[in-house]
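First residue of the sequence shown: 101, per the working numbering; consecutive thereafter.
Beta carbons are placed, not taken as given, at the ideal position from N, Cα and C, and that holds for glycine.
Have a look at the structure below, then the notes.
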Amino acid sequence: MSEKLVFITSRIPKIGLELLTEANIVYKQWPYERKITKQELIENVRDCSILFNVGSNQLDKEFFKACPKLELVSLLSVGYDHVDVSAATQYRIPITNTPGVLSKATADTAFLLMLAVSRKAFYQHKKILKGKWQKKIPTDILGIELHNKTLGIFGLGRIGLEMAKLCKGAYNMEIIYHNRNRNEEAEDMLNARWVSFEDLLKQSDVLSVHSQLSEETKGLFDYRVFSQMKDSAIFINTSRGAVHNEEDLIKALEDGQIWGAGLDVTNPEPMAPDNPLLEMESVAVLPHIGSATVETRNEMVKLAVQNIIAKINNESLLTCINPEVMELT
Ligand code: 8YV
């Protein structure tokens with residue numbers, strides 16, 4: 101039996117616990133439904149070698165300093181904006197994440213939001229709930245169609261590529277994108293065109309954000325940016341809520357700078373139930389369900405456990421965010 105103790109911050113799909121048990125790995129698990137606090141996390145991880153982290157617990161310098169036995173953090177997410185990676189590297193702790201396995205499910209969520217916004221589906225549904233299913237006049241609460249429109253992707257990586265494939269296949273959309281680096285796969289497969297950020301704003305009928313949250317992207321989509329978009333455009337964000345400025349988004353929608361918005365991520369999360377976005381006609385908001393399918397969560401958990409097993413067996417980690425840490429150990 102391994103002497104490495106794993107701490108898991110939440111309930112996880114059964115397959116994860118089975119794989120750990122099969123590998124004779126001892127774990128303890130946060131038993132409560134509520135999110136663990138920072139202090140509770142430190143108290144629990146202090147004696148552990150490995151942290152299996154679910155969700156957005158802040159893993160900062162103070163945390164790494166307080167957990168001297170820690171040898172690995174295995175994240176159950178592709179995003180790692182909640183981790184101070186340079187502090188982890190300084191404390192020689194490798195961080196692994198779960199890229200790839202959640203791309204299709206997250207792109208499905210972006211596609212779902214796009215379609216829901218384009219037909220004002222959530223708003224129409226709420227009208228039924230409020231007993232307001234009235235006889236329609238032909239000009240009432242109309243949606244817009246997506247056929248042959250232009251999809252702009254901000255941050256065309258794995259998830260963006262899946263979204264582009266869906267939109268091309270379903271609606272023959274033209275694909276444009278803005279990235280630091282060119283995505284040749286998307287250019288070859290989908291005729292995707294790299295454009296400047298300004299052109300992305302000007303030309304997109306639907307602009308879908310798939311970038312990471314970083315110093316460069318934090319608050320990037322503000323009123324000034326929204327006002328450069330088409331007044332008929334739909335803004336979709338399934339990456340991180342802090343990439344857009346929520347107050348500015350509300351104002352841009354109210355002022356008609358853009359037509360609609362679909363969000364799977366908000367800032368803060370959870371979104372307050374009285375947020376004006378929730379009452380707007382061409383807005384759809386979901387509670388961060390990008391990767392929330394049985395299949396994807398199972399694959400994420402398997403990958404997270406494989407990284408743990410690799411660490412225990414002194415093998416190469418499958419998905420290490422800070423591989424430079426290996427040279428330090
Ligand atoms: C995670 C996510 O499922 O992977 C990410 O970065 O945002 C979600 O898909 C969520 O953070 C739970 O760990």
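At least 7 angstroms separates the beta-carbon of Val425 from that of Pro199.
Residue state for Gln234 is assigned as coil, using DSSP reduced to three classes.
Residue range Val185 to Gln190 is occupied by the alpha helix (DSSP H) that includes Gln190.
Around the C-beta of Phe297, fewer than 16 other C-beta atoms lie within 10 Å, and the residue is accordingly described as exposed.
Excluding residues up to 5 positions away in sequence, Trp130, Val154 and Gly155 lie with their Cβ nearer than 7 angstroms to the Cβ of Ser110 in the same chain. C-alpha of Asp305 to C-alpha of Phe335: approximately 9 angstroms in a straight line. Checking the 6 angstroms criterion, the Cβ of Val185 is out of range of every heavy atom belonging to the ligand 8YV. Contact between Val383 and Met371 is absent: CB atoms are separated by about 11 angstroms, not below the 8 angstroms threshold.
Rounded to the nearest angstrom, the gap between the Cα atoms of Tyr127 and Lys135 is 18 angstroms. Residues close to the ligand 8YV by the beta carbon criterion (under 7 angstroms to any non-hydrogen atom) are, from first to last along the chain, Val154, Gly155, Ser156, Leu176, Ser177, Val178, Gly179, Thr198, Leu202, Thr206, His388, Gly390, Ser391, Ala392 and Met400. Annotated three-state conformation of Leu313 is coil, per DSSP. In the three-state reduction of the DSSP assignment, Thr250 falls in the strand class. For Asn272, the CB contacts under 7 angstroms within the same chain, skipping 5 residues up- and downstream, are His247 and Asn248 in chain order.
Taking every protein chain shown into account, the CB of Thr366 has 16 or more other CB atoms within 10 angstroms, so this residue is buried. Contact between the segment 272–288 and the segment 208–221 is absent: fewer than 3 CB-CB pairs across the two stretches fall below 8 angstroms. When only Cα atoms are considered, Ile142 and Pro368 end up about 23 angstroms apart. A contact between stretches requires three or more CB pairs, one per stretch, nearer than 8 angstroms, and the segment 159–173 fails this requirement with the segment 384–401. Taking a contact as a CB-CB distance under 8 angstroms, the pair Ser186 and Ile244 does not count as one, their CB atoms being some 44 angstroms apart. Counting the other CB atoms within 10 Å of its CB gives Lys204 a total of 16 or more, which places it among the buried residues.
Annotation: His225 to Gln234 spans about 12 angstroms, alpha carbon to alpha carbon. In the displayed model, Gly356 falls within coil according to three-state DSSP, outside both helix and strand. DSSP lists Leu175 as the beta-bridge partner residues of Asn153. Counting of Cβ neighbours within 10 angstroms places Arg146 among the exposed residues, the total staying below 16. Scanning the segment 349–421 from its first residue to its last, the whole alpha helix (DSSP H) runs of 4-plus residues come out as 394–412. Assignment of Tyr271 by DSSP, reduced to helix, strand and coil, places it in the helix class. Note on geometry: alpha-carbon atoms of Ala207 and Gly116 lie some 24 angstroms from one another.
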